[in-house]
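K.L.:
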């Protein structure tokens, strides 16, 4: 089990905080507004290129399930790279998942987001 956050949410860049807030409530339009036009989004090994493909992913991912999302960790790698760890609980297979959202920022927008299982 992951330890709770080592970096308070309010110390994350505004772009990351606001993207994540929109993503948690499944507001794909707002979440997508924080992406660069050439953004790359990778989820569990599947790659979505460009803002349009990323928006479709954000709109549709997990829509067939009910789940809650809790931020349980966050850290700064460097000025352009941030990681937010979340715990999902819901009706999807397995019922519980801990995921890392690895953000790469460029010009105050998200250029890359990699969503992967959190390494225990």
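In this note's numbering, the protein residues as written are 381 to 500. Ideal Cβ positions, reconstructed from N, Cα and C, are used throughout, including at glycine.
1) Among 478, 435, 470 and 458, which has the Cα closest to the Cα of residue 484?
2) So what does residue 448 bridge to, in DSSP terms?
3) I need the DSSP call for residue 489, collapsed to helix, strand or coil.
4) Taking the straight line between their C-alpha atoms, what separation do you get for residue 417 and residue 490?
5) If residue 411 and residue 402 are in contact, beta carbons under 8 Å, what's the gap, nearest whole angstrom?
6) How many angstroms separate the CA atom of residue 487 from the CA atom of residue 392?
7) Would DSSP call residue 404 helix, strand or coil?
8) Could you check what DSSP says for residue 411 in three-state terms: helix, strand or coil?
9) Quick check: the Cα distance between residue 415 and residue 437, rounded to an integer number of angstroms?
10) If you follow the alpha helix (DSSP H) that residue 387 is part of, which residue opens it and which one closes it?
11) Starting from residue 438, follow the alpha helix (DSSP H) in both directions and report where the run begins and ends.
12) Out of curiosity, what's the CA-to-CA distance linking residue 434 and residue 497?
P.N.:
Reading off the structure:
1) Taking the first residue of the chain shown as 1, we reach residue 484 at position 104. When each option's Cα is compared against that of residue 484, the closest is 458.
2) By 1-based counting over the chain shown, the position of residue 448 is 68. Note: residue 448 sits in a beta bridge opposite 469.
3) Position 109 of the chain shown, counted from the first residue, corresponds to residue 489. Strand, per DSSP.
4) Here residue 417 is taken as the residue at index 37 of the chain shown, counted from 1. Here residue 490 is taken as the residue at index 110 of the chain shown, counted from 1. In a straight line, the C-alpha of residue 417 is about 9 Å away from that of residue 490.
5) Locating residue 411 in the chain shown gives position 31, where the first residue counts as 1. Locating residue 402 in the chain shown gives position 22, where the first residue counts as 1. Correct: roughly 4 Å between the Cβ atoms.
6) Stepping through the chain shown from its first residue, residue 487 is reached at position 107. Stepping through the chain shown from its first residue, residue 392 is reached at position 12. Roughly 15 Å between the two C-alpha positions.
7) In the chain shown, counting from the first residue as 1, residue 404 sits at position 24. Correct three-state label for residue 404: helix.
8) As a first step, residue 411 must be located in the chain shown, where it is residue number 31. The answer is helix: DSSP assigns residue 411 an H, G or I state.
9) Position 35 of the chain shown, counted from the start, is the residue given in the question as residue 415. Position 57 of the chain shown, counted from the start, is the residue given in the question as residue 437. When rounded, the distance between both Cα atoms is 13 Å.
10) Your numbering for residue 387 matches position 7 in the chain shown. Unbroken run through residue 387: none, as it is neither H nor E.
11) Here residue 438 corresponds to residue number 58 of the chain shown, with the count starting at 1. Here the alpha helix (DSSP H) through residue 438 covers 430 to 440.
12) Residue numbering aside, residue 434 sits at position 54 when the chain shown is read from its first letter. Residue numbering aside, residue 497 sits at position 117 when the chain shown is read from its first letter. Cα-Cα distance, rounded: 19 Å.
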